[in-house]
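In our numbering, the protein residues as written are 218 to 525.
1. Please list, in chain order, all residues of the same chain as residue 360 whose beta carbon is under 7 Å from its beta carbon, the five residues on each side excluded.
2. Can you tell me whether residue 241 is buried or exposed? The criterion is at least 16 other CB atoms within 10 Å of its CB, across all chains shown.
3. Can you say whether residue 225 is buried or exposed, counting buried as having 16 or more other CB atoms within 10 angstroms of its CB?
4. Measure how close the beta-carbons of residue 267 and residue 248 come, nearest whole angstrom, since I'm counting them as under 8 Å.
5. With a cut-off of 8 Å on the beta carbons, I'd call residue 346 and residue 315 a contact; round off their distance for me.
6. Look up residue 487 in the DSSP assignment and say whether it is helix, strand or coil.
7. Taking the Cβ atom as the reference point for each residue, do residue 269 and residue 288 lie within a distance shorter than 8 Å?
8. Are there 16 or more other CB atoms within 10 angstroms of the CB of residue 223, so buried, or fewer, so exposed?
9. Where do the N-terminal and C-terminal ends of the alpha helix (DSSP H) with residue 231 fall, by residue?
10. For residue 224, which of helix, strand or coil comes out of DSSP?
11. Using only alpha-carbon positions, find the residue among 523, 520, 443, 514 that is nearest to residue 485.
12. In the DSSP assignment, what residue or residues form a beta bridge with residue 297?
13. I think residue 441 touches residue 411, with their Cβ atoms under 8 Å apart; what is that distance to the nearest whole Å?
14. Compute the Euclidean distance between the alpha carbons of residue 333 and residue 353, then round it to the nearest angstrom.
15. Below 7 Å CB to CB, which residues in the same chain sit around residue 515 once its five sequence neighbours on both sides are set aside?
See the structure below:
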């Protein structure tokens with residue numbers, strides 16, 4: 218069947234389209250480059266459909282089934298994709314600017330280089346999805362599930378990830394500047410060379426996280442849990458680590474100049490060769506902490522005295 222026939226079918230409405238799909242289960246429809254601007258495709262059966270380069274801007278795809286579909290370079294600007302199934306969908310280089318993907322299922326989806334600027338992904342399931350170099354500036358990801366998601370080199374500047382699950386996700390060289398991660402779970406998350414400067418990770422769970430060479434200048438880590446995390450050579454200048462749990466944490470050669478570590482728990486932490494010049498360690502727990510070779514000039518020690 219020619220692609221034009223498929224377009225004509227879907228233009229007749231979802232009911233006609235779904236009946237035809239049910240009658241022709243082996244056909245994989247071709248809707249590439251289709252003009253479906255503002256189309257009503259709620260609950261449409263679009264599994265394994267080729268929608269590459271299609272114009273779906275402002276279309277309503279709520280609760281539609283797009284599993285295994287091909288949306289490569291499709292235009293989904295301001296589209297409504299709420300509670301939609303996109304398991305293993307190809308969304309590479311797709312434009313999802315300001316799209317509503319709240320509670321969408323994107324498990325295993327390919328979103329490499331996708332543009333998700335200001336997109337709403339609240340409560341979305343992105344488990345094991347690939348978002349390598351994706352643009353997520355100012356995106357809404359509150360309570361989203363990013364378990365084992367690949368976000369290497371992704372731009373999450375000013376994104377909202379409050380209470381999000383980032384367990385075992387890969388954020389190597391990702392940008393989180395000014396992002397909000399209050400209460401987020403980053404258990405065993407890879408943040409190698411990621412930029413978290415001025416981000417808010419208050420009460421975040423970073424247990425066992427890999428933060429080697431992470432840049433976190435002026436970052437809010439108040440009450441965060443870094444138990445057994447690796448922050449070797451991390452840059453934490455002026456970071457706020459008040460009441461943070463850093464027990465058994467690796468902070469070797471970390472740059473903690475002027476960081477606030479008051480009331481932090483550094484029990485059994487490794488701070489060898491770390492730079493703590495001007496840091497505030499008031500009432501911090503340094504029991505069995507390794508400070509061999511650490512630079513402590515002008516640091517305020519646990520007893521309130523300034524180190525010479």
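Glycine included, each C-beta is placed from N, C-alpha and C at the ideal position.
So, from the data block:
1. 339, 340, 380, 381
2. exposed
3. exposed
4. 6 Å
5. Rounded, the Cβ-Cβ distance is 19 Å, inconsistent with contact.
6. strand
7. yes
8. buried
9. 231-240
10. helix
11. 443
12. 277, 317
13. About 15 Å; that fails the 8 Å criterion.
14. 5 Å
15. 494, 495, 523, 524
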